[in-house]
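For the sequence shown, the working numbering assigns the number 232 to the initial residue and increments by one for each residue that follows.
Below is one structure, written out as structure tokens; comments come after it.
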Amino acid sequence: MHVIEVHGRELEGVKAEAQFAVLPLGSVEYHGPHSPLGTDIILAQGFAEHVAAELRPLIYPTVSFTSCPGKTRHYPGTISVRPSVYTEYLTDIVEGICELGLRNIVLLNAHDANMGPSRTVAEAVTGRYPDASFLLINWWQMVSLEFAEQEGYFKGTTGRGHGGPYEMSAVKAFRPDLVTVQPTDPDLTSKPALASLPYILVEGTPQGWNGYTGQISQTSFEAGTAIVEEASRNMNRLIRSWLENRKRKDGEDG
Numbered sequence: 232m233h234v235i236e237v238h239g240r241e242l243e244g245v246k247a248e249a250q251f252a253v254l255p256l257g258s259v260e261y262h263g264p265h266s267p268l269g270t271d272i273i274l275a276q277g278f279a280e281h282v283a284a285e286l287r288p289l290i291y292p293t294v295s296f297t298s299c300p301g302k303t304r305h306y307p308g309t310i311s312v313r314p315s316v317y318t319e320y321l322t323d324i325v326e327g328i329c330e331l332g333l334r335n336i337v338l339l340n341a342h343d344a345n346m347g348p349s350r351t352v353a354e355a356v357t358g359r360y361p362d363a364s365f366l367l368i369n370w371w372q373m374v375s376l377e378f379a380e381q382e383g384y385f386k387g388t389t390g391r392g393h394g395g396p397y398e399m400s401a402v403k404a405f406r407p408d409l410v411t412v413q414p415t416d417p418d419l420t421s422k423p424a425l426a427s428l429p430y431i432l433v434e435g436t437p438q439g440w441n442g443y444t445g446q447i448s449q450t451s452f453e454a455g456t457a458i459v460e461e462a463s464r465n466m467n468r469l470i471r472s473w474l475e476n477r478k479r480k481d482g483e484d485g
């Protein structure tokens, strides 16, 4: 159910029915000549629609404007909100959801730069609402890094780079009309990982970068469909486990 379609007289019934709120997080950001500026909005909304109905979500509109990293903010079409403004804005939104009476909130993210603010907001709001629980989901982490290559869709392009074949194939699965890789669009090769362990590297102009990265000629609807199906399956499994854990906790507290 979408919250924007709920009438005022229906609120009490909806609150009783919904198990959790879903707040999709996107961006308006350059993703290369082959990709729409609303890439992250399409992905956030698309995966929100793939949350299983039997889990009883209440879906909120996508937060579309956010902070964008230095490496994309100067490319045409990118709209970047100051991080402090975005953090305060997101705080007001999730506190409004809590004030409605919902305490289980999924922040369903499709934009890398939203990860830090999302965690910051969740930590702050749970201080004011101790009974609240936030599940932060980055859709691209719902599929193993090697999945698409192991399935035979990509070759030598396992990364999930910005505007690359992994991300844009997923967009193509939702909106095949909006991803158009042309023969003149160059494939780009990013530098190898610095280590096998997790790390964060922030650069204004990374190697193998022109507002996007990756072997974009490998983008395909078939790969995107497989990625979206796998991500959705794992996402719903994660949400179901979270809700079951919440019920157990509520039972113990009761």
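Note that the Cβ used here is the ideal one computed from N, Cα and C, for glycine as well.
| Query | Result |
| --- | --- |
| Which residue's Cα is closest to the Cα of residue 273: 353, 365 and 410? | 410 |
| If you measure between the beta carbons of residue 366 and residue 335, is that distance less than 9 angstroms? | yes |
| With DSSP collapsed to three states, give me the class of residue 369. | strand |
| Tell me the DSSP bridge mates of residue 340? | 256 and 369 |
| Please report how far the alpha carbon of residue 298 lies from the alpha carbon of residue 254, in whole angstroms. | 17 angstroms |
| Just to confirm the assignment, what range does the alpha helix (DSSP H) spanning residue 274 have? | 270-280 |
| Are there 16 or more other CB atoms within 10 angstroms of the CB of residue 246, so buried, or fewer, so exposed? | exposed |
| Tell me which residue opens and which closes the beta strand (DSSP E) that residue 288 is part of. | 288-290 |
| So, is residue 386 buried or exposed, given that buried needs 16 or more other C-beta atoms within 10 angstroms? | exposed |
| For residue 238 and residue 329, I'd like the C-alpha separation in whole angstroms. | 18 angstroms |
| Output yes or no for whether 9 angstroms exceeds the beta carbon distance between residue 397 and residue 265. | no |
| To the nearest angstrom, report how far apart residue 440 and residue 419 are at their CA atoms. | 7 angstroms |
| Three or more C-beta pairs closer than 8 angstroms, one from the stretch 341-361 and one from the stretch 311-322: is that the case here? | yes |
| Please name the residue or residues paired with residue 233 in a DSSP beta bridge. | 290 |
| Taking the alpha-carbon of residue 362 as reference, which of 242, 241 and 478 has the nearest alpha-carbon? | 478 |
| For the pair the stretch 288-303 and the stretch 428-437, tell me if three or more CB-CB distances fall below 8 angstroms. | yes |
| Could you spell out the range, first to last residue, of the alpha helix (DSSP H) harbouring residue 243? | 242-248 |
| Taking the straight line between their C-alpha atoms, what separation do you get for residue 332 and residue 275? | 24 angstroms |
| Can you grab the Cα-Cα spacing for the pair residue 205 / residue 284, in whole Å? | Any question about residue 205 goes unanswered here, given that the chain covers just 232 to 485. |
| Would you report the Cα separation of residue 464 and residue 401, rounded to the nearest angstrom? | 14 angstroms |
| Comparing alpha-carbon positions, which option in 338, 476 and 403 lies nearest residue 289? | 338 |
| At which residues does the alpha helix (DSSP H) containing residue 381 begin and terminate? | 378-381 |
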